[in-house]
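To keep things clear, I will list the structure first and then write my remarks on it.
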Amino acid sequence: MRSAGDWLTCPHVVELLLRLDEVVASALLVADPETHRVASHLVARRSKHVRPALFLLAAEFGCGVETELLRAAAALELLHVASLYHDDVVDRATTRRGGTSVNAAWTNSVATAGGVFLFARATALLASLGEEVNRTASAAVTRLCTGQLREVEHAYDVDIPLEEHLDILAGKTATLFELPCRLGGQLAGLVPAQSASLVEYARELGLAFQLADDALDFTGTVERLGKTTLTDISQGIYSFPVIHVLRGSGRDGKHLRDLLRRARLSEDELGAIAAIVRGSDALAAARRQASECATRARDALRGLPEGPALRSLRALAAFSVSRSH
Amino acid sequence: MGAGPGGASAAYHLARLGRRVLLLDRARFPRDKSCGDGLTRSAVRLLGEMGVLERLTGTWRIGGTRVFMRGKGHRDFSYPKGLTSPDHGLVVPRYRLDHVLRERAREAGAELWDRALVTRCLRGDGVAGVEVQRQGEAERVDAPVVVLAAGAASRLGAEVGLTKPADSGLGFAIRGYYSGVAGLGERLEIYMPLTDPTDRYVLPSYGWVFPTGASTANIGVGIFERGHGVSIRALMQGFLDDLRARDPRFAGMTPLGRWIGAPLNFAFQPETCSVPGVVLVGDAAGLISPFTGEGISYAIESGRLAADAIHRNLTTDGVSPDLSDYPLMLEKRYAGYFEAGRESARRYRLFWHVLESTFHDDKPLFALCRRAALYPEGIGETNPSRILDDVGALIDRGGLNVREDLLATGEILLHAVRRDWPFLARLSTSGHGDPGVPFRPALLLLLAGAVLPRSTDRERLLLAAAALELGYMAALAHLSVDDEPGRGQAEPRTRPAHWGNMLAVMVGDFLLSRAYELSARVSSEVSRAIADALAIGSEGQLREQRVALSPELSHPAWLEIASLKMATLFEAPCRIGAALGGLTAAQCEALRQYGRNLGLAFILTDQILGPRGKASELGKLMISETSRGGAREEEVAAEAKEYSRRAHAALESVPVGPAQRTLRRLATYAVDRDIAAGVDLKSLVL
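Same order as they appear, the protein sequences are chains A and B.
Just so you know, the first sequence maps onto residues 1 to 325 in the working numbering.
Just so you know, the second sequence maps onto residues 1001 to 1686 in the working numbering.
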């Protein structure tokens, strides 16, 4: 089995990432020890650092100031972690990054305030990197939050078109992939064409990750299905495979629709829903769509100079759809 | 065309303005109409303006609304007696109401053609009149403006390109009159949501019981979306059966006449309410509350707004007038009342879920949602301490434009949230009345920025003020997150969503992102200052969470936490305003000190006032009533005075002028809460 870090072979970025924890930690310094514990709960755990790595890889194509790059990388990681704090409150998740979630370890309000604290520290870092970076980041954050709101608005919407769903994913998921590349381009002074290629790569990469995850969530036995998958369904949040079945013609779609519209779903009904999705071509369709995104991501990299950074980005695109867990 | 409340109101107001008006309707009058017949207090006020209230004597008076939420009991929304005029609503059968309004329009000079079917609009440069079928003959009516007020089902709007495709915004309602209903009070009763006959599917629907007399009522149901596979008649029958079976008041009811139904159009979009020569009013414009089905007051009011716009824009050259200021008026008037656009139906559904699951939750966001949806006209008014927060009287009159600037800040704020969540703008406004000069972060920022007259780029100052307000609103939303006590580790995955938390987190994040975006438009320095304040505020909250359970919290520890939580409210606005206002570093620091001390004086005073129920709105929302740490009231009061004194002292190094004088008064106000302060409120011109 491949481990998450395998794709990152660019030595300079690997080396910079080793210094990331320190920068993140210094951004979280605060007098109150308990606040510090809450704020550090997740960053202290092992993380794949996909977003900071993406940012640093993008910056490899130009030339940036290392201290600035590290600050931006730390800000990106903090933004991501802040969004995890809040996601876990909304999703009632009890585990995260191989341990308890903040809301489970403390309370929902602690996780909410903790997320705001991380967000504030992240934006303070971003604001220290100049007007352009600050504006770019703020626009991305807005897109992210608007995407999340839109997703919630579609809760229990059995009529949602697939295109709308993908559009929401682009705002909600892909934004936090695009932003690192945008900022990498700005802070390392890339020419606009190169920046644009990297941003396009990142958008497709984000979608590929998400869609591949959505398909993975339905594999395994029904009893062991990703807990969040079925929780999401009973909370009216439908992923690509579910919507794919709903939009298809035929009995599956109608049957699923009928089940999903019930006021409150039982375990049996959830099991039946999972069985319908698994028995259909939806998972294959999600994987196909993910592969197409990954291919487009790779294609977007054409025109960028060959080198360790490019090789890592290509490997990341391949990795996004080759995971089995 | 259309002689219902909307058309009659437009006709009446136009005729009063001296315009020549022809009122057309295909019906033969008097006629009956499907409607709940409920007139809210706003509707009664509008009827008063048209001078028809004395013709409605003997109709049933309404003191408020009782909303029953399925499985969750009920809540009352009452019109406070005597606080406003009028202080009641009415229930008037449409048969009677429409007759009275039509007659009023005729008296004012409008000509009425009934049994006149408008078949099409005549086209000139814009719309230049209509063709009418009347007494078997087609007749051409030339007119520079056509007011389309023919209700939800009218196709004429679509003909001139005004209505959007009938997709999600169309529902249906049906009603009947019943006698033999016992013990109805002075309340409109609304039941939501209803389920299908198998009780398995919850439908986006509601039922109503509106008393028309001591033992008679208008009873009906409405559904907001089609395509649920349930007939409206079955839904109505289910509702009636339920009432009979569960509520003894309805055990003996008998129908009076047959049921009548009509479509509901709640797809309001301001920009599709006019083209040259045509305006839409009332139901035709989609002005129906998607929560309570109320539409009469909006019909009457939009009729009046249309009349104003037409009167203003009519020219004598025969060209179809440009009426594009009408949609703007609607947008301004109803911002946050009706969601606009194709997203609305979905958003309503989400809103419904939130309303249902937070029905008994009084946290600020949910109280606001509830009021916005169920009692929109009452926003702000039932809050007796609101007046305390209006510090308009303290504003120095020497050339400060604070009131104007606050309004402009509100506009920016509205604009920032309008496209996505217009109703959120109402977190920051207090209804339609004059909002006064609320004591809020934006006020401090604007004042600090106005210390040096004319040295500031006003636009940047307003943006920063709006950003800070959004940050404050985000905090209110986030504070509404619920801890779900008793929640175990083993979560059943069948558990339905916690809509309240979902909304609180998402809306809070959304507002925060918008705050960041606006601040970034000003400068990274402002982003930075807001970020710092937010970090301090959340630290305060985290510390408060920890000590919330410990009763032995000392007074100084309490004060420290409270002051952290208030960082975004006092210190940050003063600091940011001063920096944008071009003050020296030393003066900025002085204003920061001022803000900090002002905040401390303010919360200490709130701590004293709290137990007497007189704490400020700001304080009530932000400071939980934890311990007073054993400090005696006199000590706390003395402490507050001391901080107020320090705030005054900090202002000594700040240039004197109207802003500085106002800041001084606020430092005094923080402890004495005396807004009159020797100033006559009425005579105040800002």
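Quick reminder that beta carbons are idealized off the backbone N, C-alpha and C, glycines included.
Ordered along the chain, which non-local residues of its own chain (more than five positions away) have a Cβ less than 7 Å from that of residue i?
{"i": "A82/A", "result": "G115, L118, F119, A122"}
{"i": "G307/A", "result": "none"}
Per DSSP, what kind of secondary structure is residue i in: helix, strand or coil?
{"i": "V1130/B", "result": "strand"}
{"i": "R1419/B", "result": "coil"}
{"i": "T178/A", "result": "A small fix is needed here, since residue 178/A is Glu in this sequence, not Thr. Reduced to three states, the DSSP call for E178/A is helix."}
{"i": "F1276/B", "result": "Rather than Phe, the amino acid found at residue 1276/B in this sequence is Pro. Of the three classes helix, strand and coil, the one that applies to P1276/B here is coil, per DSSP."}
{"i": "P1086/B", "result": "coil"}
{"i": "T1315/B", "result": "coil"}
{"i": "A1450/B", "result": "coil"}
{"i": "L1148/B", "result": "strand"}
{"i": "W1060/B", "result": "strand"}
{"i": "W106/A", "result": "coil"}
{"i": "V191/A", "result": "coil"}
{"i": "V1522/B", "result": "helix"}
{"i": "G1222/B", "result": "strand"}
Could you confirm whether any beta carbon from chain B is found closer than 9 Å to the beta carbon of residue i?
{"i": "E34/A", "result": "yes"}
{"i": "F119/A", "result": "yes"}
{"i": "G130/A", "result": "yes"}
{"i": "R97/A", "result": "no"}
{"i": "C293/A", "result": "no"}
{"i": "T107/A", "result": "yes"}
{"i": "G114/A", "result": "yes"}
{"i": "A44/A", "result": "no"}
{"i": "T219/A", "result": "no"}
{"i": "R261/A", "result": "yes"}
{"i": "D167/A", "result": "no"}
{"i": "R135/A", "result": "yes"}
{"i": "A127/A", "result": "yes"}
{"i": "E163/A", "result": "no"}
Please report the residue range of the alpha helix (DSSP H) in which residue i lies.
{"i": "C145/A", "result": "131 to 153"}
{"i": "V30/A", "result": "Neither: V30/A is in no alpha helix (DSSP H) and is coded neither H nor E."}
{"i": "E1139/B", "result": "Per DSSP, E1139/B belongs to no alpha helix (DSSP H); it is in the beta strand (DSSP E), 1137 to 1142."}
{"i": "T1605/B", "result": "1585 to 1609"}
Which first and last residues belong to the beta strand (DSSP E) in which residue i is found?
{"i": "F1210/B", "result": "1205 to 1211"}
{"i": "W1558/B", "result": "Unbroken run through W1558/B is the alpha helix (DSSP H), 1555 to 1565; no beta strand (DSSP E)."}
{"i": "G1171/B", "result": "1170 to 1179"}
{"i": "C1574/B", "result": "Segment 1571 to 1580 is the alpha helix (DSSP H) holding C1574/B; no beta strand (DSSP E) there."}
{"i": "F1077/B", "result": "1074 to 1078"}
{"i": "N1265/B", "result": "1254 to 1265"}
{"i": "C10/A", "result": "Element bounds for C10/A: n/a, residue is neither H nor E."}
{"i": "L1053/B", "result": "Element bounds for L1053/B: n/a, residue is neither H nor E."}
Taking only beta-carbon atoms, is residue i less than 9 Å away from chain A?
{"i": "M1473/B", "result": "no"}
{"i": "R1226/B", "result": "no"}
{"i": "K1081/B", "result": "no"}
{"i": "Y1095/B", "result": "no"}
{"i": "D1076/B", "result": "no"}
{"i": "S1385/B", "result": "Low confidence applies to S1385/B: its pLDDT is 34, below 50, so where it sits in the model is not reliable enough to give any reading."}
{"i": "H1360/B", "result": "no"}
{"i": "L1609/B", "result": "no"}
Going along the chain, which residues of its own chain have a beta-carbon closer than 6 Å to the beta-carbon of residue i, five neighbours each way excluded?
{"i": "R1397/B", "result": "none"}
{"i": "L1461/B", "result": "G1449, L1580"}
{"i": "S1009/B", "result": "I1300, G1303, R1304"}
{"i": "R1665/B", "result": "L1394"}
Who are the Cβ neighbours of residue i in its own chain at under 8 Å, not counting the five residues just before and after it?
{"i": "V1636/B", "result": "H1555, L1604, Q1607, I1608, R1628"}
Kindly indicate if chain C contains any beta-carbon less than 9 Å away from that of residue i.
{"i": "Y238/A", "result": "This model lacks chain C altogether; the protein chains it does include are A and B."}
*chain B contacts from the segment 301 to 322 of chain A (Cβ-Cβ distance under 7 Å)*: If the cut-off is 7 Å between Cβ atoms, the segment 301 to 322 of chain A has nothing near chain B.
*For the segment 266 to 290 of chain A, which residues have a beta carbon sitting closer than 7 Å to at least one beta carbon of chain B?*
So the list reads S266, E267, L270, given in the order they occur along the chain.
*Contacting positions in the segment 73 to 93 of chain A - beta carbon closer than 7 Å to chain B*: Here the close residues are H86, V89, V90, R92.
*May I ask you to list, following chain order, the residues of the segment 1498 to 1510 of chain B that have a beta carbon less than 9 Å from some beta carbon of chain A?*
Against chain A - using a Cβ distance shorter than 9 Å - the residues of the segment 1498 to 1510 of chain B are H1498, W1499, N1501, M1502, L1503, A1504, V1505, M1506, V1507, G1508, D1509, F1510.
_chain A contacts from the segment 1626 to 1658 of chain B (Cβ-Cβ distance under 8 Å)_ = Residues passing the 8 Å Cβ filter: none.
*Along the segment 1511 to 1526 of chain B, what residues have a CB closer than 8 Å to any CB found in chain A?*
Sequence-ordered contacts of the segment 1511 to 1526 of chain B with chain A read L1512, S1513, R1514, Y1516, E1517, S1519, A1520, R1521, S1523, S1524, E1525 [C-beta pairs closer than 8 Å].
*If contact means a Cβ-Cβ distance below 7 Å, which residues of the segment 1528 to 1544 of chain B contact chain A?*
Listed by position along the chain: R1528, A1531, D1532, L1534, A1535, S1538, E1539, Q1541, L1542, R1543.
_Along the segment 137 to 148 of chain A, where does the CB come closer than 8 Å to a CB of chain B? Name the residues._
Answer set for the segment 137 to 148 of chain A: A137, S138, A139, V141, T142, L144, C145, T146, Q148.
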